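Trainee: Residue numbers (my numbering), protein chains in the order written: chain R, 1 to 158; chain P, 159 to 668.
Built from N, CA and C at the ideal position, the CB exists for glycine as well.
Predicted model only: the values in this text are computed from it and were never measured.
The structure's right below; bear with me while I get my questions together.
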Amino acid sequence: MRRAETLFALLLVVGAGVGVREALRLPVGWTAAGPGSGFFPLLLTLGVAFNAILILGKSVRTAHPQASEPFIPRTAFGPLLVVFLPMLAVIALIDYLGIYLGGAVYLAGYTRFVGRFGWVKVILVSVLIPVALFLVFERWFLLPMPKGVILEFLLYGR
Amino acid sequence: MPILSVLNDLLYGLGVSLTPTNLVIVLAGLLLGTAIGVLPGLGGTNGIALLLPLTFSMTPTAAIILLASVYWGAIFGGAITSILFNIPGEPWSVATTFDGHPLAKQGKAGVALTAAFTSSFIGALVSIVLFTFFAPPLAEWALKFGPPENFAVLLLAFATFAGLGGGDPAKTILMTLLGLLLSTVGFDIVTGQPRMHFGLVSLQSGVNFIVIAIGLFGLGEIFLTVEEGLRLEGIRARLGFRDVWETWKLFPRYVATIVRSTILGFWIGVLPGTGATPASFMSYGLARQFSKHPERFGKGEVEGVIAPETAAHAAGIGALLPMITLGIPGSPTAAVMMAGFFIWGLNPGALLFTEHREFVWGLIGSMYVANVVGVVLVLTLVPVFAAINRIPFSVLAPLIVILSSIGAFAANNQLLDLWFMLGSGVLGYVFKKLRYPLAPLVVALVLGDMTEQALRQSLIMSQGSPAIFFNRPIALTFIVGSLLLFALPVIRSVRRRQATSAPERTADRE
Chain R
1 MRRAETLFAL
11 LLVVGAGVGV
21 REALRLPVGW
31 TAAGPGSGFF
41 PLLLTLGVAF
51 NAILILGKSV
61 RTAHPQASEP
71 FIPRTAFGPL
81 LVVFLPMLAV
91 IALIDYLGIY
101 LGGAVYLAGY
111 TRFVGRFGWV
121 KVILVSVLIP
131 VALFLVFERW
141 FLLPMPKGVI
151 LEFLLYGR
Chain P
159 MPILSVLNDL
169 LYGLGVSLTP
179 TNLVIVLAGL
189 LLGTAIGVLP
199 GLGGTNGIAL
209 LLPLTFSMTP
219 TAAIILLASV
229 YWGAIFGGAI
239 TSILFNIPGE
249 PWSVATTFDG
259 HPLAKQGKAG
269 VALTAAFTSS
279 FIGALVSIVL
289 FTFFAPPLAE
299 WALKFGPPEN
309 FAVLLLAFAT
319 FAGLGGGDPA
329 KTILMTLLGL
339 LLSTVGFDIV
349 TGQPRMHFGL
359 VSLQSGVNFI
369 VIAIGLFGLG
379 EIFLTVEEGL
389 RLEGIRARLG
399 FRDVWETWKL
409 FPRYVATIVR
419 STILGFWIGV
429 LPGTGATPAS
439 FMSYGLARQF
449 SKHPERFGKG
459 EVEGVIAPET
469 AAHAAGIGAL
479 LPMITLGIPG
489 SPTAAVMMAG
499 FFIWGLNPGA
509 LLFTEHREFV
519 WGLIGSMYVA
529 NVVGVVLVLT
539 LVPVFAAINR
549 IPFSVLAPLI
559 VILSSIGAFA
569 ANNQLLDLWF
579 MLGSGVLGYV
589 FKKLRYPLAP
599 LVVALVLGDM
609 TEQALRQSLI
619 MSQGSPAIFF
629 NRPIALTFIV
639 GSLLLFALPV
649 IRSVRRRQAT
659 SAPERTADRE
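Printed below as a string of structure tokens:
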């Protein structure tokens with residue numbers, strides 16, 4: 001936990017440094033239109049840097065109450081990856097699968113392998129929910145979602 | 159005079175909210191909100207962020223009534239899971255578990271639920287009355303604000319986070335600055351110059367608030383829930399008419415607690431940056447301190463349910479007061495609602511009262527209607543809502559992820575936003591684990607443009623001299639107040655070093 005705290009604070013310091021550099025590429029002083037467009041960002045990035053350094057200093061100096069605890073409990077590592085990796089995959093494949101098909105695959109995989117559902121339930125859940133969502137968002141509220149090439153082809157033949 | 163005109167406006171607002179369409183919206187919002195409140199891993203803030211895209215095609219009045227009703231529903235619903243399952247459906251119902259669940263285990267689930275809903279209702283109703291009469295004069299006063307006053311009051315809002323939020327003030331301030339910084343990405347609001355995009359074209363259109371909120375509060379929450387592992391062991395709820403009646407007979411005994419919790423809750427809600435969650439904890443603590451039988455708390459004391467529930471709902475109402483009058487959201491949930499204002503083409507703040515009477519008074523009217531309808535709804539439908547919790551988490555988790563993706567995409571019709579959402583989800587998880595508070599980041603992100611504009615306009619007025627904040631009386635008052643609030647954690651930590659270490663308050667979730 002403590003290492004994570006220190007590392008993250010360090011990351012924030014570096015990030016703030018990059019931010020300061022980005023702000024300095026803009027006019028930060030007085031311009032014809034008052035304070036330049038970089039004035040406020042510069043102020044903020046400097047503030048972030050200052051506080052990040054404070055946090056970093058405190059983390060290095062003082063004893064952390066849960067110093068020896070790991071940042072992610074070992075038992076939680078598997079379940080976390082099981083949620084995260086499919087999320088990553090669905091977003092990465094969204095051009096092909098779209099939200100509805102991607103969602104169906106995600107639901108099916110998750111209920112089957114995490115929830116240990118029987119196949120009938122798996123198919124019911126992963127068909128009915130995406131269809132319901134499709135009707136609500138696409139049809140009822142007219143919000144066009146990415147449908148992916150497969151669903152586009154099936155629905156509109158293109 | 160003013161009282162009569164307020165009553166007149168209120169009648170008009172009730173009329174607006176009682177039209178058949180708006181009544182249906184109230185009902186739908188309450189049902190959705192209660193379901194959101196009941197489901198663990200799906201909070202009010204995220205729930206409202208997810209629903210925001212659905213309001214794009216509505217009138218602003220219908221939209222705000224929907225979102226507000228969802229908020230009230232979520233506050234009611236949070237209590238159900240706390241009492242029956244010992245799992246807070248919402249952060250503000252954590253304190254309700256302390257005595258609510260023991261009561262349920264003793265077979266008094268009906269008493270606990272009735273007490274929770276009824277006190278929630280009373281806290282809400284009294285607060286709405288306070289709201290009705292405080293809002294118009296506050297808005298009228300705020301109309302006199304110029305840019306320096308606006309900046310000073312925004313600074314005061316940020317200072318309350320640092321001063322009253324609890325936790326490490328350096329982290330709170332850092333998160334506030336980070337939120338403001340994120341709002342500067344994109345085009346400069348004054349000169350239109352693209353900035354802070356680090357050479358990435360995709361960042362030039364800015365960072366979308368809804369996407370960030372959904373990631374931080376939606377996905378981050380899922381990660382945390384998965385990490386903690388979710389086990390549901392529920393107690394069956396049956397709420398008979400007798401339970402309700404028997405519990406109501408107990409209420410006169412707790413008048414003092416209810417009054418105290420309402421005032422405390424409302425006031426904490428009004429303060430920007432704090433919300434229903436700290437209000438519920440403080441109210442619980444106070445009730446125990448004032449009780450003649452503090453030892454009964456934690457073992458199933460009805461008062462231990464009444465106190466946090468009253469305060470939580472009062473704070474929920476209070477949080478909307480600065481939003482509607484000053485344009486400053488009193489809680490992250492209010493911040494998400496306020497993000498909606500811009501989308502619906504409204505500018506939050508005092509001008510709403512004069513320019514959008516239907517919107518403001520429709521909202522206020524709907525608060526009365528929604529809370530009356532809400533309490534009846536939850537009292538009668540407890541078993542139905544409790545059954546929602548039988549939805550297995552393995553369906554719920556992917557469903558929330560899919561809904562989050564839909565919400566994030568709909569905000570801007572941009573595929574890249576899904577990556578931003580995922581990134582903020584991971585960051586949200588890290589932030590929570592390392593105790594960086596999320597609320598200031600979200601509120602600051604919404605207020606970023608207003609803050610920068612107020613600051614730069616003030617400096618233009620004074621030709622660059624910061625003295626302008628000190629020689630205008632209202633601005634000066636706010637500035638002094640903010641400085642005091644910023645100093646508060648320092649004073650507190652010095653004191654703590656002298657005394658023994660006090661337990662840390664957590665107020666970062668709402």
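According to DSSP, is P146(R) helix, strand or coil?
Mentor: Translated into positions along the first sequence, residue 146(R) becomes position 146. In the three-state reduction of the DSSP assignment, P146(R) falls in the coil class, being assigned neither a helical nor a strand state.
Trainee: How big is the Cα-Cα spacing for Y412(P) and L43(R)?
Mentor: For the purposes of this step, residue 412(P) is identified with residue 254 of the second sequence, where counting begins at 1. For the purposes of this step, residue 43(R) is identified with residue 43 of the first sequence, where counting begins at 1. Roughly 50 Å between the two C-alpha positions.
Trainee: Taking the alpha-carbon of G173(P) as reference, which of T330(P), L580(P), E516(P) has the nearest alpha-carbon?
Mentor: Position 15 of the second sequence, counted from the start, is the residue given in the question as residue 173(P). That would be E516(P), whose Cα lies nearest to the Cα of G173(P).
Trainee: Are the CB atoms of G565(P) and A207(P) within a distance shorter than 8 Å?
Mentor: As a working note, residue 207(P) is residue 49 in the second sequence. As a working note, residue 565(P) is residue 407 in the second sequence. In contact: A207(P) and G565(P) (Cβ atoms closer than 8 Å).
Trainee: If you reduce the DSSP assignment to three classes, tell me which class G433(P) lands in.
Mentor: Here residue 433(P) refers to the residue found at position 275 when the second sequence is read from its first residue. Note: G433(P) maps to coil in three-state DSSP.
Trainee: Are there three or more Cβ pairs, one per stretch, closer than 8 Å when the stretch 366–382 of chain P is compared with the stretch 598–607 of chain P?
Mentor: yes
Trainee: Could you give the residue range of the alpha helix (DSSP H) that holds K121(R)?
Mentor: Here residue 121(R) corresponds to residue number 121 of the first sequence, with the count starting at 1. Counting along the chain, the alpha helix (DSSP H) containing K121(R) begins and ends at 119–134.
Trainee: Could you name the residues of the same chain whose beta carbon sits closer than 7 Å to that of P595(P), not counting the 5 residues immediately before and after it, in chain order?
Mentor: Translated into positions along the second sequence, residue 595(P) becomes position 437. Answer for P595(P): G323, G325, K329, T330, M333, D666, listed in chain order.
Trainee: Suppose you measure from the CA of A193(P) to the CA of V540(P); what does that come to, to the nearest Å?
Mentor: By one-based count along the second sequence, residue 193(P) stands at place 35. By one-based count along the second sequence, residue 540(P) stands at place 382. Their backbone Cα atoms lie some 11 Å apart in a straight line.
Trainee: So, does the CB of A568(P) fall closer than 8 Å to a CB anywhere in chain R?
Mentor: Residue 568(P) sits at position 410 when you count from the first residue of the second sequence. Flagged as an interface residue toward chain R: A568(P), by a C-beta distance shorter than 8 Å.
Trainee: Within 8 Å of any Cβ in chain R, is that where the Cβ of E610(P) sits?
Mentor: For the purposes of this step, residue 610(P) is identified with residue 452 of the second sequence, where counting begins at 1. By this cut-off, E610(P) is an interface position.
Trainee: In angstroms with no decimal places, state the Cα-to-Cα distance between T75(R) and K263(P).
Mentor: The residue labelled residue 75(R) in the question sits at position 75 within the first sequence. The residue labelled residue 263(P) in the question sits at position 105 within the second sequence. Those two C-alpha atoms are separated by around 30 Å.
Trainee: Is the beta carbon of D607(P) less than 8 Å from the beta carbon of G462(P)?
Mentor: Working through the second sequence from its first residue, we reach residue 607(P) at position 449. Working through the second sequence from its first residue, we reach residue 462(P) at position 304. Going by C-beta atoms, D607(P) is not nearer than 8 Å to G462(P).
Trainee: Any contact between the stretch 35–52 of chain R and the stretch 355–367 of chain P? By contact I mean 3 or more CB pairs, one from each, below 8 Å.
Mentor: no
Trainee: Please classify D159(R) as buried or exposed, where buried requires at least 16 neighbouring CB atoms within 10 angstroms.
Mentor: Since the first and last residues shown for chain R are 1 and 158, residue 159(R) lies out of range.
Trainee: State the Cα-Cα distance for the pair V527(P) and R3(R), rounded to the nearest angstrom.
Mentor: By one-based count along the second sequence, residue 527(P) stands at place 369. By one-based count along the first sequence, residue 3(R) stands at place 3. The alpha-carbon atoms of V527(P) and R3(R) are separated by roughly 52 Å.
Trainee: In angstroms with no decimal places, state the Cα-to-Cα distance between V284(P) and G427(P).
Mentor: Residue 284(P) sits at position 126 when you count from the first residue of the second sequence. Residue 427(P) sits at position 269 when you count from the first residue of the second sequence. C-alpha separation (whole angstroms): 13 Å.
Trainee: Nearest to P249(P) by alpha carbon, out of G201(P), E459(P), G586(P)?
Mentor: The residue you call residue 249(P) lines up with position 91 of the second sequence. P249(P) has its Cα closest to that of G201(P), out of G201(P), E459(P), G586(P).
Trainee: Report the three-state DSSP secondary structure of G378(P) (helix, strand or coil).
Mentor: The count along the second sequence starts at 1 and reaches residue 378(P) at position 220. Correct three-state label for G378(P): helix.
Trainee: Cα separation between P211(P) and T342(P)?
Mentor: Here residue 211(P) refers to the residue found at position 53 when the second sequence is read from its first residue. Here residue 342(P) refers to the residue found at position 184 when the second sequence is read from its first residue. One Cα belongs to P211(P), the other to T342(P), and the distance between them is close to 23 Å.
Trainee: Please compile the residues from chain R whose C-beta is within a distance smaller than 7 Å of the C-beta of A555(P).
Mentor: For the purposes of this step, residue 555(P) is taken as the residue at position 397 of the second sequence. Going along chain R in sequence order, the residues near A555(P) (Cβ under 7 Å) are V83, Y110.
Trainee: Mapping the DSSP letters down to three states, classify T254(P) as helix, strand or coil.
Mentor: Position 96 of the second sequence holds residue 254(P). Correct three-state label for T254(P): helix.
Trainee: Measure from the C-beta of P661(P) to each C-beta in chain R and report whether the shortest distance is under 8 Å.
Mentor: Your numbering for residue 661(P) matches position 503 in the second sequence. The predicted position of P661(P) is uncertain, since its pLDDT is 45 and thus under 50; a value taken from the coordinates is nonetheless stated next. No - not a single Cβ of chain R is within 8 Å of the one on P661(P).
Trainee: Under the three-state reduction of DSSP, which class applies to P35(R): helix, strand or coil?
Mentor: Along the first sequence, one-based indexing puts residue 35(R) at 35. Note: P35(R) maps to strand in three-state DSSP.
Trainee: Rounded to a whole number of angstroms, what is the C-alpha to C-alpha distance between F511(P) and P487(P)?
Mentor: Counted from its first residue, the second sequence places residue 511(P) at position 353. Counted from its first residue, the second sequence places residue 487(P) at position 329. The straight-line gap from Cα to Cα measures roughly 16 Å.
Trainee: Using beta-carbon positions only, say whether G205(P) and S227(P) come within less than 8 Å of one another.
Mentor: By one-based count along the second sequence, residue 205(P) stands at place 47. By one-based count along the second sequence, residue 227(P) stands at place 69. Not a contact, by the Cβ cut-off of 8 Å.
Trainee: Enumerated in chain order, which unbroken segments of the alpha helix (DSSP H) with a length of 4 residues or greater are wholly contained in the stretch 566–611 of chain P?
Mentor: 574–591
Trainee: Checking 8 Å against the spacing of the C-beta atoms, do L422(P) and V460(P) come in under that value?
Mentor: In the second sequence, counting from the first residue as 1, residue 422(P) sits at position 264. In the second sequence, counting from the first residue as 1, residue 460(P) sits at position 302. When the beta-carbon positions are compared, L422(P) and V460(P) stay at least 8 Å from each other.
Trainee: Please list the partners that E5(R) has in chain P, where partner means a Cβ-to-Cβ separation under 7 Å.
Mentor: On the first sequence, residue 5(R) is found 5 positions in, with the first residue counted as 1. Within 7 Å Cβ-Cβ: L592.
Trainee: Name the residue from G195(P), A555(P), H514(P), L377(P) whose alpha carbon lies nearest to the alpha carbon of A544(P).
Mentor: Position 386 of the second sequence, counting from 1, holds the residue named residue 544(P). Taking only the C-alpha atoms, the option nearest A544(P) is G195(P).
Trainee: Looking only at its own chain, which residues have a Cβ that is under 6 Å from the Cβ of T276(P), when we skip the five neighbours before and after it?
Mentor: Taking the second sequence and counting its residues from 1, the one referred to as residue 276(P) is at position 118. Beyond the five residues adjoining it in sequence on each side, T276(P) comes within less than 6 Å, by CB distance, of no other residue in the same chain.
Trainee: Given a cut-off of 8 Å, decide if S419(P) and A465(P) are closer than it, judged by their beta-carbon atoms.
Mentor: Counted from its first residue, the second sequence places residue 465(P) at position 307. Counted from its first residue, the second sequence places residue 419(P) at position 261. A contact, by the Cβ cut-off of 8 Å.
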